[in-house]
Amino acid sequence: MALDGIVTRAIVHELQACIGGRINKIHQPAGSDLVFHLRTQAGNKRLLLSANPTYPRVHFTEASFPNPLEAPMFCMLLRKYCEGGSIEAAAQVGMERIIHIDVRSRDELGDLSIKRIIIELMGRHSNIILVDPATGTQLDGIHHVTPAISGYRVVMPGFAYTAPPEQHKQDPLMADRESFVAAWQTAAAEGKGTGSGWLVEAFGGLSPLIAGEIYARAGVSGVAMEIGLNPEEAERLWLAFSGLMEEVRSQQYTPMTGENAKGKSIFSAIRLTSARGEIHTYPSISECMEDYYGDKALRDTVKQKTSDLLRFLQNERNKNVKKLTNLEQDLNEAEDAERYRIWGELLLPSLHTIRKGDTSVELVNYYDEEQGMETIPLDPLLTPSENAQRYFKRYNKFKNSLAVIDKQMELAKGEIAYLEGLLQQLNDATLSDIDEIREELTQQGYLRDRAKRGKKKKKTDRPTLHVYTSSEGIEIYVGKNNLQNEYVTNRLGKPNDTWLHTKDIPGSHVLIRSESFGDATLNEAAQLAAYFSQAKESSSVPVDSTLIRHVRKPSGAKPGYVIYDHQRTLFVTPDEQLIKALPNTVKNG
């Protein structure tokens, strides 16, 4: 990955299409992410601003994001100052990874004012800050930086905005041959003139990926060289540098994804001759970044938010697996109960032949068809009569425990299946899905309610709904946790709607909300059922399909558990590209 100054320049160039556009809505689906709904001359657009410490970025998006029931404070502030306003300008600070978006709107008195949204794409130091440019005062930031965290700059309401520290690098777009040679000679004199790293240190906005590309275009090996000693190589390097910069200056971008020499996935705003693997090109940097990041940022955020939940569910599953193993051992012993009864009955008529202190006795087994000899172990500390009674007691104990063991094993297997289903659901969960999984575990008594006493949550009887649209225009609902599965199957579905689920595999409940549809819709629904299941990475996944009228929940069953009949089984291999191509929306409850 290389979100550098060149990518930032390409993003800002694309943002020019928003100038004059109006901000209709602002949402904050995650702690570090904002989504602006824009109305522009080119049509309605969604702009994603992310200060995610691992995946900071800005680009237009086609993805759907859940809208939290309660907007965070920073989102409320942006709505106050920017919602309904128009975008006046979008600019990059030099070749830095800093974008300024100026928004013109009316204040409380009805006067026009300008507010500036500053997006700093600086890795773990990324931030989104709202500033009043007239005074230079910060109204707030999506991430606060207190004086205790940084002595250089504070990101808090009321403080003056201070830009990130300058790196005092040359602007590569302004460099000529003399300044390029001078930068090389300085690096060589300081002992840094080996490989392409000196380019990153000398010129702003260049990433190691771009520096390596310049060397690749020049056909230079990347080992130490001195311009004064090898004019030909020096000239080739300068020509490669100036040629690449000319592409950037003239906004001639060729967004692409591929792999670097180590096989790691990369993306770039310009053509990379050094890229390997499967190369994909895109008509815009937004499409490139959306495809590159995919759901990486979401998965990363979800992973952080579910680490405790994941650990809890895995521990609970392991406890039940261990319990099941112990029950199976008890069952094996209990199955020997009949043998203990026979030993007791064989001992009773032969008590006079046994003495206290004997460790075993051989008696004819009259219960055996061949009536062979049976060796019966004895406790030498017990009398013959006490040995016989001991076997009868053991027989009664195991006989009575058989029914209990069977019931406990059934419960343990049910718990394991339930917990494995929840673990699978966490793999495909969105942020709102996680909250619903926590709510379910609280309702089921696995977790304590962490809500403060007296403070009631804002609840709805309708969970988040994930709705896909088939190629035939039919709505397909997918439940990604048990609360959603319950709603989709037991409340949303009508008797003649079609219901799908992977056969004997934990996964989502899928509902086709139509009585009339073609094979394409059925196949796409089966694809969704297989993709959002434990068999996501498998091939020829069995998916059962039946009408809602044939699906029912047993009394007392856990959330999401149903039984069904009159099914037919389809076999599909999950196709991620097909799933991503299906239009989808997220409806909040």
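Per UniProt numbering: the sequence shown = residues 1 to 589.
Where is the CB? At the ideal position from N, CA and C, for every residue including glycine.
- It is roughly 14 Å from the alpha-carbon of Gly195 to the alpha-carbon of Arg217.
- Tyr366 sits exposed, since fewer than 16 C-beta atoms from the chains shown fall within 10 Å of its C-beta.
- Looking at Thr40, Val35 and Asn44, the one whose alpha-carbon comes closest to that of Ser50 is Val35.
- The three-state secondary structure of Met122, taken from DSSP, is coil.
- Between Lys480 and Gln567, the gap from beta carbon to beta carbon reaches 8 Å or more.
- Less than 8 Å divides the Cβ of Pro506 from the Cβ of Gly421.
- Contact check for Asn496 against Leu547 passes: the beta carbons are separated by less than 8 Å.
- Closest in C-alpha terms to Phe571, from the list Ser539, Pro583, Arg549 and Gly556, comes Ser539.
- Within the same chain, Phe312, Arg438 and Leu441 come within 8 Å of Leu447 by CB-CB distance, once the 5 residues on both sides are set aside.
- Considered as a whole, the UniProt domain "NFACT RNA-binding" (466-555) harbours 482-486 and 519-531 as its complete alpha helix (DSSP H) runs of no fewer than 4 residues, in chain order.
- Residues Ala388, Tyr391 and Phe392 of the same chain have their beta carbon placed closer than 6 Å to that of Gly344, with the five preceding and five following residues left out of the count.
- Contact between the segment 325-335 and the segment 366-381 is not established, with fewer than three Cβ pairs separated by less than 8 Å.
- Per the Cβ contact rule, the segment 36-43 is not in contact with the segment 552-563 (fewer than 3 Cβ pairs under 8 Å).
- Shown here, Phe159 sits in coil according to DSSP, grouped into three states, outside any helix or strand.
- Ala183 is a Cβ neighbour of Gln170, given a cutoff of 8 Å.
- Judged by DSSP in its simplified three-state form, Pro29 adopts strand.
- In the three-state scheme derived from DSSP, where H, G and I count as helix and E and B as strand, Ala240 is classed as helix.
- Three or more beta-carbon pairs drawn from the segment 57-72 and the segment 20-32 are found closer than 8 Å, and the two stretches are therefore classed as touching.
- If you check the CB distance, Thr306 and Ile117 do not come in under 8 Å.
- A distance of 8 Å or more separates the beta carbons of Ile476 and Val321.
- Burial check for Val364: the Cβ neighbour count within 10 Å stays below 16, so the residue is exposed.
- As the crow flies, the alpha-carbon of Glu278 is around 24 Å from that of Asp300.
- Around Leu173, the same chain offers Met95, Met245, Val248 and Arg249 as residues with beta carbons nearer than 8 Å, after the five sequence neighbours per side are excluded.
- Between Met256 and Leu272, the C-beta spacing is below 8 Å.
- Shortest Cα-Cα distance from Lys587 to any of Val488, Lys536, Pro574 and Leu578 involves Val488.
- According to the DSSP assignment, Met256 belongs to the beta strand (DSSP E) that extends over Met256 to Glu259.
- Taking the Cα positions, Ile101 is about 6 Å away from Ala89.
- In the DSSP annotation of this structure, Ile142 is not part of any alpha helix (DSSP H), being labelled neither H nor E.
- The residue among Arg339, Ala334, Asp336 and Thr383 with its C-alpha nearest the C-alpha of Ser350 is Thr383.
- Distance from the CA atom of Leu15 to the CA atom of Thr254, rounded to whole angstroms, is 16 Å.
- Rounded to whole angstroms, Leu206 and Ile270 show a C-alpha spacing of 12 Å.
- By the CB criterion at 8 Å, Thr61 and Leu48 fall inside the cutoff.
- Look at Val572 here: in three-state DSSP terms it is strand.
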